[in-house]
Every structure is written in structure tokens, then in C-alpha cells.
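Residue numbers (my numbering), protein chains in the order written: chain C, 1089 to 1309; chain H, 1089 to 1309.
From the three backbone atoms N, C-alpha and C, an ideal C-beta is built for every residue, glycine too.
Everything numeric in this text was worked out from a predicted model, so none of it was measured.
Okay, structure first, notes after.
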DNA sequence: AATCGTTTCATACAAACGTTTGAATCACAG
DNA sequence: CTGTGATTCAAACGTTTGTATGAAACGATT
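Here is the structure:
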């Protein structure tokens, strides 16, 4: 029952922290939701702050196990690995069969960093960044500056993140109260093709009915 | 002096709300920062909540005036207008000569909507979305689904937003404590070329030393 | 059964919160 | 100068916050 209360507290805390943020979530609400006594938080974790950090750490552990990155066959083309990567990222974010708060609490941390942010980046973000950069390295020419490699990577994950972080805006803009107007595989395909085309490793996402010579900027002509 | 304290309260509130969020910001801190009495908030605005909404509305008004969208010459190529649009967006976000909290408080609102969110979308976001879609319509073939047009637009602004919303991660990842490792025009150029190339309206952001035939996915071959 | 360390519980505490109040102060018209 | 409405002020309001405390309940070991 001891570890059980501990775990119930982490789950309840995660849900409420993710929903309301650190300050707005009260220890009393968390304990009530967990079916635990008010003093349990201080007994098991030492305080509200430590409970929060524990919840964040727990969330990132679970997420990594929930949707692990696939092991690619050695001969898999880089473009296909990119598709897998983006698909996995979307699944991690938008899949509804896992507790929502795991991702939510981490994104809160990334947008407004607290002390737990560095840990999230090191343990969760950096491995993803490394995986992406490894894929991109196979897709990009060797004589490319580090700066440009970063920017291309950011352009890729920026697209994916947008669909999650700014879901409220998307719904308001497209006037679709439901968010599932864009099915997951459609989004993953779009971002993959968008990115591949941008770096010259695939065809454009749309077929231009006229040559683009007329619409390109002067600077590039 | 009456309207003066009112304005000082809005400014102080904006700064603190943007920095700490709604719940963590206390009316006492705001009044101290504004050099006003504790009761001033309730006298001038009716309460904390109303002050917050007022600050958000004030922020979006200022932002629109600060960095207005340029008037394009009628014959300006769509690709150049896209470059202008992206450049303006970056300036609105990353330019440091304007009070930071204007944008910050709006982005908070967009990520975690409160009652003020719909107003921000209608008055600030939708005009930007319309401007972008108008540009993209000139760049895209006519026989394209609304769904795809939205996705291409989201892929564009998603890139821009990433550099602002996730600046902390960028610094941690690239190990540059300063955020100015990516100068504004460089970012704008990159996103523009990335987007143009993706939709087949410009050359890839990098020159592929080999034909991409070997790296494209099977599905597309 | 007695003892021990662990966990739960009801309760209390001081601090901070948003809000209210009524008197004091101001600017200005009569 | 006097009166009046708008504004500021110090003080206090009742809640809610996170945390602390000591007694009760539990489980395992002796």
C-alpha cells in the first residue's frame, strides 16, 4: 500500500499538473484525486516541488517505453527512416490510447523551463535529436555547415510540434471543433514529403502545373 | 493620473503575467511594480481576471501596430511576398526592441487557451493566416484540396513558431547559451527556401551531390 | 502478545492570496 | 471657500495555500 499510494500520487499529480500547471494545481486537489491523505505528499516526496519533478521524470520514462523508436534494418533508405521517425513522433504526441499528461507535462516544461527542463532535454529530447540528425546526415551532402543541419532539423520537428502545441488554434482556424480532421498518417506523410522535397531528396508535395521559373525569387534566379 | 495608473497597471501586469503565468502572478507584485496601491486593480478593472484580459487585448493591439504587414506592390512575385511574410513574422517574434511581453502573453494564451484566446485568434492570428493563404494560393496549383492548403500553411508557420516557442530547447541542444546564434535574416531565408522547395516553387535548400533517386522512398519511385 | 519501523490520518499553522471597506486625498466646478 | 465626484490609501476581510505535528493504524519480526 505504501508504494501504491506513492504511485497513485504521481499519476494524480501528473494529470493535474499537466492540466492546470504547477502553480494552479493544489496539493489538496492532487491528494483528493489520488485518494490519499493531505500529508502524504510531504511524507512521500518532501514537498510539492519534489512531487512535480518526480512526475516529470516519470512521464519521460514512460513515454520512451510507450513509443520506442523502431530499429531500422541496416539497408533501409534514409528517406524511409525519416518517415518512420516522423511517424513515431506523431504517435508519441497525438496517440490517444496513452495517458495524455505524460506528453503534456513535458511540453509545459519545454516551453517554460523549470529545474526539470535540462533533464528532459538530456534524457528525452537529445536522443530524438541525435536520431533525426543521423537520418538527415545520410540525406544531406557532407559539405554542409552544422548551422544548416540544425536548421533543417528544426524545420522538421517544428512542423510536427506545431500540430500538437497549437492544436487549439488549428481547430479555431479551420473551424473544425474536432481535432481529428487531420488523421495521423496523413500528417506524417505530409511532413515527410514536405521535408524531403525541401532538401532535394524527394518530389514536391504538390505538382506545379507550370514551371516554377516564373514564381521563384529574383535572388535565386 | 487616473488613466496613468491604469496604463502602468496594464504594463506591469503584462510583464508579470507573461513571465510567470496567470496563477503565479500576484496582484500584490503587479501593484508594487506599477507603483500603485493594492486596491487599484479592483478599482480600475474589477478584478485580477479582467486585468489579465485587458492586458492580452492591449498586447495584440500594440503588436499589430508595431510590425504591420507590408503592402506588396501588385506585381511582386508570390515567392518574394512569402519571404516578406516570413520575415515579418520573425520580426514580430524575435525582434528585441519591443516589449517582450506583448508576444509572450499571446503565445501563452494560444498554447493554453483561456477566455481571451478566441479574441486573439480572430483579431491577430486569422488575418495572418489569411495573408499567408493568399500568398500560397498564388504559389499552389488550383486543383488542391483545402486540407492540403492548410497543411502547407501549418508547415510554414510551424517552422517559424518553433524558433520562438522552443528557444530554450534550441539553446540547450546546440549548447549555445546565447540565442542569437541564428540571426534573423538567416532564419527567414532558410524557412522561405525550405517552404518554396517543398511545394516545388524553388530549388532545394541544399544542393544534392548525387541524384536523389537512390534515397527516395520506394512508395514514390 | 509485545515491539518496532512504516505509513496514514485529522488537525493546526503561518503565510499568501484576491477582494473589500471606509476614510483620506485630490481635481475642479459652483 | 465649499461641495462633489473620482481616485488613492492603509488596513482588514475570509479563503486557500503549502507544510508541520503528533497520535492512530498497520505489518512484520521477535
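Practice item. Check each residue of the segment 1098 to 1115 of chain H: if its Cβ is closer than 7 Å to any Cβ of chain C, include it; give the result in chain order. Key: If the cut-off is 7 Å between Cβ atoms, the segment 1098 to 1115 of chain H has 1109, 1111 and 1112 near chain C.
**Study point:** Rounded distance between the beta-carbons of residue 1204(H) and residue 1293(H), thought under 8 Å
**Key:** The Cβ separation is near 37 Å, so there is no contact.
Check your understanding: Beta-carbon separation of residue 1118(C) and residue 1242(H) under 8 Å?
Key -> Result no, Cβ atoms of residue 1118(C) and residue 1242(H) do not sit closer than 8 Å.
Check your understanding: Whose CA, out of 1178(C), 1226(C), 1160(C) and 1115(C), lies closest to the CA of residue 1134(C)?
Key -> Out of 1178(C), 1226(C), 1160(C) and 1115(C), 1115(C) has the C-alpha closest to the C-alpha of residue 1134(C).
**Study point:** Simplified DSSP state of residue 1186(C), which is helix, strand or coil
**Key:** DSSP, read as helix, strand or coil, puts residue 1186(C) in coil.
Point to revise | Cutoff 8 Å: residue 1188(C) Cβ touching any chain H Cβ | key: At a cut-off of 8 Å between C-beta atoms, residue 1188(C) does not count as an interface residue with respect to chain H.
Check your understanding: Are the CB atoms of residue 1148(C) and residue 1194(C) nearer to each other than 8 Å?
Key -> In terms of Cβ geometry, residue 1148(C) and residue 1194(C) form a close pair [threshold 8 Å].
Point to revise | Proximity winner among 1261(C), 1240(C) and 1124(C), relative to residue 1282(C) (alpha-carbon distances) | key: The closest CA to that of residue 1282(C), considering only 1261(C), 1240(C) and 1124(C), is found on 1240(C).
Point to revise | Per-residue DSSP class, three states only, for residue 1102(C) | key: DSSP places residue 1102(C) in helix when its eight states are reduced to three.
Practice item. Assign residue 1137(C) to one of two classes, buried (16 or more other C-beta atoms within 10 Å of its C-beta) or exposed (fewer than that). Key: Exposed, by the Cβ-count rule.
Review point. Are residue 1206(C) and residue 1198(H) close, meaning C-beta to C-beta below 8 Å?
Key: The criterion of a C-beta distance shorter than 8 Å is not satisfied by residue 1206(C) and residue 1198(H).
Check your understanding: Quick one: what does DSSP say residue 1226(C) is sitting in, helix, strand or coil?
Key -> Residue 1226(C) falls in the helix class under three-state DSSP.
Practice item. Kindly list the residues whose CB is nearer than 6 Å to the CB of residue 1175(H), restricted to its own chain and excluding five residues on each side of it in sequence; keep chain order. Key: Closer than 6 Å at the Cβ level, and outside the excluded window around residue 1175(H), lie 1276.
**Study point:** Separation of residue 1227(C) from residue 1233(C), as counted between CA atoms
**Key:** Computed Cα separation, rounded: 14 Å.
Review point. Do residue 1170(H) and residue 1223(H) have their C-beta atoms closer together than 8 Å?
Key: Yes, the pair counts as a contact, with Cβ atoms nearer than the cut-off.
Check your understanding: Would a C-beta distance cut-off of 8 Å place residue 1179(C) and residue 1272(C) closer than the cut-off?
Key -> In this structure, residue 1272(C) lies closer than 8 Å to residue 1179(C) by Cβ.
Review point. Cβ of residue 1122(C) within 8 Å of Cβ of residue 1100(C)?
Key: Contact annotation: residue 1122(C) and residue 1100(C) have beta-carbon atoms nearer than 8 Å.
**Study point:** Separation of residue 1151(C) from residue 1167(C), as counted between CA atoms
**Key:** Taking the straight line from one Cα to the other gives about 25 Å.
Review point. Quick one: Cα of residue 1211(H) to Cα of residue 1218(H), how far?
Key: Each residue's Cα considered, the two are about 12 Å apart.
Practice item. Report all residues from its chain with a CB closer than 6 Å to the CB of residue 1189(C); omit the five preceding and five following residues, and keep chain order. Key: Excluding residues up to 5 positions away in sequence, 1102, 1103 and 1106 lie with their Cβ nearer than 6 Å to the Cβ of residue 1189(C) in the same chain.
Review point. Excluding the five sequence neighbours on either side, which residues of its own chain have a C-beta within less than 6 Å of the C-beta of residue 1244(C), listed in chain order?
Key: Correct list, in chain order: 1283.
Exercise for review: Classify residue 1131(C) as buried or exposed, calling it buried when 16 or more other Cβ atoms lie within 10 Å of its own Cβ.
Suggested key: When all chains shown are included, residue 1131(C) counts as exposed.
**Study point:** Collapsed DSSP secondary structure at residue 1305(C) in the structure displayed
**Key:** Reliability of the predicted coordinates at residue 1305(C) is poor, the pLDDT of 41 falling under 50, and no value is obtained from them.
Review point. So, is residue 1184(C) buried or exposed, given that buried needs 16 or more other C-beta atoms within 10 angstroms?
Key: Classification of residue 1184(C): exposed, given that the 10 Å Cβ count is below 16.
Check your understanding: When the Cα atoms are used, what is the spatial distance from residue 1295(H) to residue 1247(H)?
Key -> About 21 Å.
**Study point:** Beta-carbon proximity list for residue 1146(H), same chain, < 6 Å, skipping 5 on both sides
**Key:** Exclusion of the five residues before and after residue 1146(H) leaves 1098 as the residues of its chain whose Cβ lies within less than 6 Å of its Cβ.
Check your understanding: In chain order, what residues of the same chain lie with their CB nearer than 6 Å to the CB of residue 1139(C), ignoring the 5 residues before and after it?
Key -> A distance below 6 Å between beta-carbons, with the five flanking residues on each side excluded, links residue 1139(C) to the following residues of its chain, in chain order: 1101, 1129 and 1133.
**Study point:** Nonlocal neighbours in the same chain, by C-beta distance under 8 Å from residue 1252(C), ignoring five residues either side
**Key:** Answer for residue 1252(C): 1181, 1182, 1191 and 1195, listed in chain order.
Check your understanding: So what's residue 1248(C) in DSSP terms, helix, strand or just coil?
Key -> In the three-state scheme derived from DSSP, where H, G and I count as helix and E and B as strand, residue 1248(C) is classed as helix.
Practice item. Could you give the DSSP three-state label for residue 1158(H): helix, strand or coil? Key: Residue 1158(H) falls in the coil class under three-state DSSP.
Check your understanding: Leaving out five residues before and five after residue 1291(C) in sequence, what residues of the same chain have Cβ atoms less than 7 Å from its Cβ?
Key -> Answer for residue 1291(C): 1285, listed in chain order.
Check your understanding: residue 1092(C) to residue 1255(H), Cα distance in whole Å?
Key -> When rounded, the separation of the alpha-carbon atoms in residue 1092(C) and residue 1255(H) is 38 Å.
Review point. DSSP state of residue 1357(C), grouped into three classes?
Key: Residue 1357(C) falls outside the range modelled here, since chain C spans only 1089 to 1309, and no answer is possible.
Review point. For residue 1278(C), which residues from the same chain have a beta carbon less than 7 Å from its beta carbon, with the 5 sequence-adjacent residues on both sides left out?
Key: Closer than 7 Å at Cβ, skipping near neighbours: 1293.
Exercise for review: Could you tell me the boundaries of the alpha helix (DSSP H) in which residue 1273(C) lies?
Suggested key: Its alpha helix (DSSP H) spans residues 1272 to 1286.
Point to revise | Rounded separation between residue 1300(H) and residue 1274(C) - CA only | key: Any reading at residue 1300(H) needs caution, since the residue's pLDDT is 47, under 50, leaving its predicted position unreliable; the model's value is listed next. Looking at the two C-alpha atoms, the distance is approximately 23 Å.
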